[in-house]
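*Asks:* Residues in the sequence shown are numbered from 13 upward in steps of one, following my numbering.
Take this structure, written in C-alpha cells, and hold onto it; I'll ask about it next.
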Amino acid sequence: MTPLKTAGLLISLLAVLPACARQPAADTTMHTERVGETIARQVTAAPETTSGRRVQPGPELEAVLAGASSIVQLKAVAVSQGGRIVGTRGFRGSTVDSPTNIKSASKTVLSALAGIAIDKGVLQGTEQRVAEVLERDLPANPDPRLRKITVSHLLSMQAGLESTSGVNYGRWVSSPNWVRDSLSRPFVAEPGGAMVYSTGTSHLLSAMLARASGRSTLALAREWLGPQEGFAVTAWDRDPQGVHLGGNNMAMSTRSLLAFGELYRSGGVARDGTRLLSESWIEQSWQPRTASRYTGDGYGYGWFLRELGGQQVRYAWGYGGQMLYVVPALDLVVAMTSDDSSASARTGHRDDLHGLLVDIMESATPVD
13 MTPLKTAGLL ISLLAVLPAC ARQPAADTTM HTERVGETIA RQVTAAPETT SGRRVQPGPE
73 LEAVLAGASS IVQLKAVAVS QGGRIVGTRG FRGSTVDSPT NIKSASKTVL SALAGIAIDK
133 GVLQGTEQRV AEVLERDLPA NPDPRLRKIT VSHLLSMQAG LESTSGVNYG RWVSSPNWVR
193 DSLSRPFVAE PGGAMVYSTG TSHLLSAMLA RASGRSTLAL AREWLGPQEG FAVTAWDRDP
253 QGVHLGGNNM AMSTRSLLAF GELYRSGGVA RDGTRLLSES WIEQSWQPRT ASRYTGDGYG
313 YGWFLRELGG QQVRYAWGYG GQMLYVVPAL DLVVAMTSDD SSASARTGHR DDLHGLLVDI
373 MESATPVD
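Have a look at this one:
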C-alpha cells in the first residue's frame, strides 16, 4: 500500500487530523509560462452529469480521495471507470464543476481537433506543410527549413524552432503577432528532430485550424467535441489577431476534462454513441514519437506516455498540475486540477499527482 493510500485510510477510518503536505522536491520542467498570462474570469460551470452512470466510490477509493486533501495544491479530482463516474472530490472550496485554467493540457484538446479536422478534410493530413496554410505569416527571406515543418511536427513538438515557453513566453505574448513571431524564431533543431517544447508551436496549429476552416478554434472545439456529454470549454484566450491560444489558457471544469478523457478511453465514441474521433487518430496520438528531455517520458501527438503502477499510462499535463490520465488496461480515466500559482515539477507536486493516480489505480472498484 502506498503512503497516500495509508494516509487516506487513516483519515477516513480513524478520523484523524489531515496529514501534513508533502515536502516539495526540486525538479526542472518546461511548464514555466507565468509571465504575461491572463485568463477570463467570467466563466460558467459545466452542467451536472445526469446520465445515470455515476456510482458511489468503493470504500478504498473513497479513502484515497479523502487522503488526497494532504496535497495542498490540489483543487479537484474526478475518476471514471468503464464509462461511469466512480468518484469525485473537491478541496479547499473548489469542486469538480469549478472552471479551471487547464494550461498546457489544452494542447491535448488541440490534438483532438487536429485529428477531427483531418478526418473532415479541413486539413490534408499530418504531412501537410505548415507554410502552405500560413504562407502570409512567413518572415522575409525565410529559412528554407520552415517549408519542411508539417502538422505532425507541430503535434509532436518537433518543429525545431526556438521555444516560446519558459523564459521566452512573456516576450512572445507581448509581440504584436504571435504566429509571425513563432515562425520567425531561429531553428535550434531540425524539423522532425529533438523535442522542443513550445506553446508557440501549438499556436501555429491553432492558426492553421482557424485559417483552413474559416472559423475560430473555439467554435470548432464546441461543435466537434461538444456532443460529448459533460464537455464544455468555458473560456479561452486569444492573440492580437483573434486566434485562440493554441496550448494554453483554456478554461474548463475538472468534470469537463474527465469527459474529454473519456472520449479517448471509449475509442472516440461519445456517450450517446456518436463517433467524434477516429480510433486511428487515438492510436497515432499514443504512438511515441519523441521524448521529453526533462522527464524522459515519451510524447506522441499532445500526450505524454509513461508507465505508472505497472500500467501504461497516457497523460496530459498543464502548468501547476492540471492532469488528465487515461489507463487503457484498467478502463480508467482520472482528471485532476490544481492551483496554478507554482510549477508542478519543481515543487514535486506533479510527482504527488502521479502517486495519487497509482493509489486510485490500486483502489478503484472494478466495474462490469
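Note that beta-carbon positions come from the ideal geometry of N, C-alpha and C, so glycine has one too.
Taking its Cβ as the centre, do 16 or more other Cβ atoms sit within 10 Å of residue 334, making it buried, or is it exposed?
*Replies:* Numbered from 1 along the sequence shown, position 322 holds the residue referred to as residue 334. Buried: at least 16 other Cβ atoms inside 10 Å.
*Asks:* Where does residue 260 sit, in a helix, a strand or coil, going by DSSP?
*Replies:* Position 248 of the sequence shown, counted from the start, is the residue given in the question as residue 260. Residue state, collapsed to three classes: coil.
*Asks:* What residue from 177, 318, 225, 91 has the CA that sits closest to residue 209's CA?
*Replies:* Counting from 1 along the sequence shown, the entry for residue 209 is found at position 197. Residue 209 has its Cα closest to that of 177, out of 177, 318, 225, 91.
*Asks:* Use the C-beta contact count for residue 240: other C-beta atoms within 10 angstroms, 16 or more gives buried, fewer gives exposed.
*Replies:* On the sequence shown, position 228 is the one that residue 240 refers to. Buried.
*Asks:* Using a Cβ-Cβ cut-off of 8 angstroms (strictly less than) and excluding sequence neighbours within five positions of residue 139, which residues of its own chain qualify?
*Replies:* Along the sequence shown, one-based indexing puts residue 139 at 127. Correct list, in chain order: 162, 163, 164.
*Asks:* Pick helix, strand or coil for residue 213, following the three-state DSSP scheme.
*Replies:* Taking the sequence shown and counting its residues from 1, the one referred to as residue 213 is at position 201. DSSP places residue 213 in helix when its eight states are reduced to three.
*Asks:* Within 10 Å of its beta-carbon, does residue 51 have 16 or more other beta-carbons around it, so buried, or fewer, so exposed?
*Replies:* Position 39 of the sequence shown, counted from the first residue, corresponds to residue 51. For residue 51, the pLDDT reaches just 34, beneath the cut-off of 50, and the residue's location in the model is therefore unreliable, although a value from the coordinates is still provided. Buried, by the Cβ-count rule.
*Asks:* What do you get for residue 132, buried or exposed, if any count of 16 or more other CB atoms within 10 angstroms of its CB means buried?
*Replies:* As a working note, residue 132 is residue 120 in the sequence shown. That one is exposed.
*Asks:* Taking the beta strand (DSSP E) that residue 173 belongs to, which residues open and close that run?
*Replies:* Position 161 of the sequence shown, counting from 1, holds the residue named residue 173. It is not in any beta strand (DSSP E) - residue 173 carries neither H nor E in the DSSP assignment.
*Asks:* Between the segment 357-377 and the segment 313-333, can you find at least three pairs of beta-carbon atoms closer than 8 angstroms?
*Replies:* Yes, the segment 313-333 is in contact with the segment 357-377.
*Asks:* Using DSSP with H/G/I as helix, E/B as strand and the rest coil, what is residue 104?
*Replies:* If you number the sequence shown from 1, residue 104 lands on position 92. Here residue 104 sits in coil by DSSP.
*Asks:* Measure the Cβ-Cβ separation of residue 108 and residue 98 and say whether it is below 8 angstroms.
*Replies:* Position 96 of the sequence shown, counting from 1, holds the residue named residue 108. Position 86 of the sequence shown, counting from 1, holds the residue named residue 98. Their beta carbons are not under 8 angstroms apart, which means residue 108 does not touch residue 98 by this criterion.
*Asks:* How long is the line joining the alpha carbons of residue 262 and residue 329, rounded to whole angstroms?
*Replies:* Taking the sequence shown and counting its residues from 1, the one referred to as residue 262 is at position 250. Taking the sequence shown and counting its residues from 1, the one referred to as residue 329 is at position 317. Using only the alpha carbons, I get a separation of about 13 angstroms.
*Asks:* Compute the beta-carbon to beta-carbon distance between residue 314 and residue 123, rounded to the nearest angstrom, for a pair I have assumed lies under 8 angstroms.
*Replies:* What you label residue 314 is simply residue 302 of the sequence shown in a count that begins at 1. What you label residue 123 is simply residue 111 of the sequence shown in a count that begins at 1. Their Cβ separation, rounded to whole angstroms, is 3 angstroms, which keeps residue 314 and residue 123 in contact under 8 angstroms.
*Asks:* In this structure, how does DSSP classify residue 4 when only helix, strand and coil are distinguished?
*Replies:* Because residue 4 is not part of the residues shown, which for the chain are 13 to 380, the question remains open.
*Asks:* Starting from residue 296, trace the beta strand (DSSP E) both ways and give me its first and last residue.
*Replies:* In the sequence shown, the residue the question calls residue 296 occupies position 284. No beta strand (DSSP E) contains residue 296, which is instead part of the alpha helix (DSSP H) from 291-297.
*Asks:* Here's the rule I'm using: 16 or more other beta-carbon atoms within 10 Å means buried, otherwise exposed. How should residue 299 be labelled?
*Replies:* The residue labelled residue 299 in the question sits at position 287 within the sequence shown. Exposed.
*Asks:* Name the one or two DSSP bridge partners that residue 316 has.
*Replies:* Against the sequence shown, residue 316 aligns to sequence position 304. Paired residues: 311, 327.
*Asks:* Would you call the segment 276-283 in contact with the segment 213-231, where contact means no fewer than 3 C-beta pairs closer than 8 angstroms?
*Replies:* Cβ pair count under 8 angstroms is below three, so no.
*Asks:* With a threshold of 16 other CB atoms inside 10 Å of the CB of residue 274, please say whether the residue is buried or exposed.
*Replies:* Along the sequence shown, read from residue 1 onward, the residue named residue 274 stands at position 262. Result: buried.
*Asks:* Would you say residue 199 and residue 173 are within 8 angstroms of each other, going by their C-beta atoms?
*Replies:* For the purposes of this step, residue 199 is identified with residue 187 of the sequence shown, where counting begins at 1. For the purposes of this step, residue 173 is identified with residue 161 of the sequence shown, where counting begins at 1. Against a cut-off of 8 angstroms, the Cβ pair of residue 173 and residue 199 comes out as a contact.
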